[in-house]
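Asker:
In structure tokens:
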């Protein structure tokens with residue numbers, strides 16, 4: 385009789401586990417209105433600046449995924465170009481120093497006349513005396529640049 389009593393305990397424990405799982409799953413059902421579900425669900429079509437994007441059950445369709453990845457490639461290329469412009473401009477400025485005669489680091493270009501409309505500078509100020517230099521802080525460390533008295537600007 386011991387074996388029968390032991391099997392009854394196993395059966396009643398298994399029944400208890402199944403009933404508990406059912407009770408937990410029934411209480412987990414959310415009571416959400418259709419309006420709330422509609423407001424948080426991904427629509428089947430979304431109009432964007434890159435065209436209409438199509439979804440099914442919240443997942444992007446293959447054409448939409450391709451379009452978005454193509455846009456990301458373009459966006460990253462434009463971002464890379466824009467972030468590279470300051471470095472390219474600085475390189476051109478340094479090349480300009482060298483072309484004007486300041487070939488070595490720490491040489492200074494001093495414009496002894498004010499700029500006019502014939503200047504090659506894009507936005508040169510006509511009331512400022514320009515002093516330009518190319519420093520190598522990695523080679524020379526922190527550097528102090530002193531401006532002579534009486535310099536305009």
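In the numbering used here, the protein residues as written are 385 to 537.
For glycine and all other residues, C-beta sits at the position ideal for the given N, C-alpha and C.
List, from N- to C-terminal side, the beta strand (DSSP E) runs of 3 residues or more that fit wholly inside the stretch 446–530.
Answerer: Entirely contained in the stretch 446–530, the beta strand (DSSP E) runs reaching 3 residues are, in chain order, 492–494 and 515–517.
Asker: Contact between the stretch 434–453 and the stretch 476–487 is defined here as three or more beta-carbon pairs at a separation below 8 Å; is this criterion met?
Answerer: The answer is no - the stretch 476–487 does not touch the stretch 434–453, with fewer than three Cβ pairs under 8 Å.
Asker: Does the Cβ of residue 448 have 16 or more other Cβ atoms within 10 Å, making it buried, or fewer, making it exposed?
Answerer: With 16 or more other Cβ atoms within 10 Å, it is buried.
Asker: Anyone know if the C-beta pair for residue 443 and residue 429 falls short of 7 Å?
Answerer: Going by C-beta atoms, residue 443 is not nearer than 7 Å to residue 429.
Asker: Does residue 401 come out as helix, strand or coil in the three-state DSSP assignment?
Answerer: Helix.
Asker: Is residue 420 helix, strand or coil when you go by DSSP?
Answerer: Three-state DSSP puts residue 420 in a helix.
Asker: Which same chain residues end up closer than 8 Å to residue 492 when comparing Cβ atoms and leaving out the 5 residues on each side of it in sequence?
Answerer: Here the set comprises 486, 515, 516 and 517.
Asker: Suppose you measure from the CA of residue 404 to the CA of residue 415; what does that come to, to the nearest Å?
Answerer: If you take the alpha carbons of residue 404 and residue 415, they lie about 21 Å apart.
Asker: In angstroms with no decimal places, state the Cα-to-Cα distance between residue 465 and residue 417.
Answerer: Each residue's alpha carbon lies about 48 Å from the other.
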